[in-house]
Amino acid sequence: MTDDVLTADQIQQIRERVDALMPEVRADLEALVRIPSVSAASFDQAEVARSAEAVAELLRAEGLEVEVVSEGGRPAVIGHIDGPEGAPTVTLYAHHDVQPPGDEGDWDSAPFEPIERDGRLYGRGAADDKAGVLAHIAALRAHRGSLPVGVTVFVEGEEESGSPSLPAILERHGDRLAADAIVIADSGNWAIGTPALTTTLRGGIRVVVRVETLDHSVHSGMFGGPAPDAVTALIKLLATLHDDEGNVAVQGLEVGEAADLDYDEARFRAESGLLDGVELIGTGSILTRLWNKPSITTIGMDVTSVAKASNTLAARAAAKVSMRLAPTQDPLAAFELLQQHLLDHAPWGAKVTVELEEHGSGFAADANGPLYDQARASFRDAWGVEPVDMGVGGSIPFISDFAARFPQAAIIVTGVEDPDTRAHGANESLHLEEFARVCAAEAIFLARLGATRS
């Protein structure tokens, strides 16, 4: 049972404490957003270090013993504070690095200058994932001086770059992160007003496909017709990755079924920004296509630009292809299937090579048991409605690393985002009322776990 762990008065007191804290929590979030902590190598990594130190100072102010660690990658922050004797321990995860802002002309305001519009706070990292960092801080502040559980906070500094040094961090510091529950604040909720546990995430691979048809580029008038150019060959090759209905045509990949939640085409069109008249691709329910089936996207191409084009048969062309995978799919097995498909479908004898650039496993939780019950109860306490279990079509590969390293821990994936957050895109934003509920839910969750100790 979960309903009798805390009284209604206790829950209300926590909510009131969190509400009172939100102005200072927001101010700290805005200060963190102003640090352009882009972990991509082409950006100033001194800003990532500055962001790590800012996070460390926030944790030190709450009484945690804090260390900034770097194991060959971007700096991460680990902080710990003991709870009462016999209390459970909770590890709270977030990341302080952010995606590049992209073309600043696409933003309605400066990406690293947070600003509120219509109840949303805009800025790069305002949601993904500096709000996750501040949700943990808010939960700690709500229990300042009487923390009901032991807490370890782990704030990574390179999640947006694929977490390359995370295995080394887990190997060298993993014992410090062990806990009864691990809360991953890097996902979102089903809708404004409806909280969710994320129970599945797709895996993913990224490859570079290179096509060669000539040993050098030649005049299209003199040789065009008999000789295929590499760009056309590449386009023809990429077209084989989907069938006529838009399903992924690579054979042998795993496919699952999504939870039965109400999600229609009108909502998908509104949330995705799909243009009028553009058809949806693939078959099966929309959520199955989003969460449990593979998808393939061409995310970049090396071809001559329109501005610099000449009447030339290109000898070489390349594309970067991202493939999302069913949550249980082995990513390396998926790479072998994709590579074989591309080699088998090389048009006109073109020379094709496929390079694996990045891979990550998906996640499928067995979200049952007392800790998950307490998490769902905390959502009910904060939102006043029943939470749902949902999947996410994106990938958070490090979660599989946590699951392997801490098999006995309940891994609870939640977050601050909503369908209009636009994480990774221009005008990323945080719904401030939802953020307050996230903070309250986490503070209540810590209280609930503390109340269950023997």
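453 is the number that UniProt numbering gives to position 453 of the sequence shown; each next residue is one higher, with no gaps. Positions of the beta carbon are idealized from the N, C-alpha and C atoms, including for glycine. Computed from a prediction, not measured in an experiment: that's the story for all the values here.
If you draw a 10 Å sphere on the C-beta of W348, you find fewer than 16 other C-beta atoms in it, and that means exposed. Per DSSP, the unbroken alpha helix (DSSP H) holding E24 starts and ends at A8 to V33. Excluding the 5 residues flanking it on each side, R176 has same chain C-beta neighbours closer than 8 Å at I78, H80 and T152, in chain order.
Closest in alpha carbon position to A239, among A181, R267, I182 and V321, is V321. According to the DSSP secondary-structure assignment, F154 is paired through a beta bridge with I78 and Y93. DSSP places Y122 inside the beta strand (DSSP E), whose first and last residues are R120 to Y122. As computed with DSSP, E116 is found in a beta bridge with L121. Where E67 is concerned, the enclosing beta strand (DSSP E) starts and stops at E65 to V69.
Along the length of the UniProt domain "Peptidase M20 dimerisation" (209-349), whole beta strand (DSSP E) runs at least 3 residues long occupy 295-302 and 316-325, reported in chain order. Every unbroken stretch of the alpha helix (DSSP H) spanning 4 or more residues and falling wholly within the region 384-438 is given here in chain order: 398-405.
Three or more beta-carbon pairs separated by less than 8 Å are not found between the region 60-78 and the region 6-16, which leaves the two stretches without contact. Only exposed fits T297, as fewer than 16 other CB atoms lie within 10 angstroms of its CB. Secondary structure of H173 (DSSP, three-state): helix. In the three-state DSSP reduction, G369 falls in the coil class, being neither helix nor strand.
Taking the Cα positions, A135 is about 39 Å away from M301.
Sequence-distant partners of D401 (beyond 5 residues in either direction) whose C-beta falls short of 7 Å from its own C-beta, in its chain, are L166, P167 and L170.
Counting along the chain, the unbroken alpha helix (DSSP H) around A56 starts and ends at Q45 to R60.
Counted as a single uninterrupted DSSP element, the stretch harbouring I192 is not any alpha helix (DSSP H), since DSSP gives it neither H nor E. DSSP places L356 in the uninterrupted beta strand (DSSP E) bounded by K351 to G360.
Residue pairing by DSSP puts T200 in a beta bridge opposite A364 and G391. Per DSSP, reduced to three states, the secondary structure at D186 is strand. DSSP places R141 inside the alpha helix (DSSP H), whose first and last residues are K130 to A142.
Here the alpha carbon of F335 sits roughly 13 Å from the alpha carbon of S295. If you ignore the 5 residues before and after V155, its C-beta comes within less than 7 Å of the C-beta of V55, A76, V77, A94, H95, H96 and V133, all in its own chain and listed in chain order. In this structure, the alpha-carbon of F406 lies about 10 Å from that of I399.
Taking C-alpha positions only, V255 is separated from L201 by approximately 13 Å. A distance below 6 Å between beta-carbons, with the five flanking residues on each side excluded, links P228 to the following residues of its chain, in chain order: T213 and W348. Between L446 and H143 the beta-carbon gap is near 6 Å, inside 8 Å, which marks them as a contact. The criterion of a C-beta distance shorter than 8 Å is not satisfied by R74 and S109. When C-beta atoms of the region 176-189 are compared with those of the region 416-436, three or more pairs fall below 8 Å, so the two segments count as touching.
When the Cα atoms are used, R269 and L275 turn out to be separated by approximately 8 Å.
Residue nearest to S272 within the set G393, A20 and L343 is G393 (criterion: CA-CA distance). In the pairwise beta carbon analysis, the region 325-345 is classified as not touching the region 301-313: fewer than three pairs are separated by under 8 Å.
Non-local beta-carbon contacts of V388 in its own chain, meaning distances under 7 Å to residues more than five positions away in sequence, involve W190, T194, A196 and L261 in chain order. DSSP links R206 through a beta bridge to S322 and E358.
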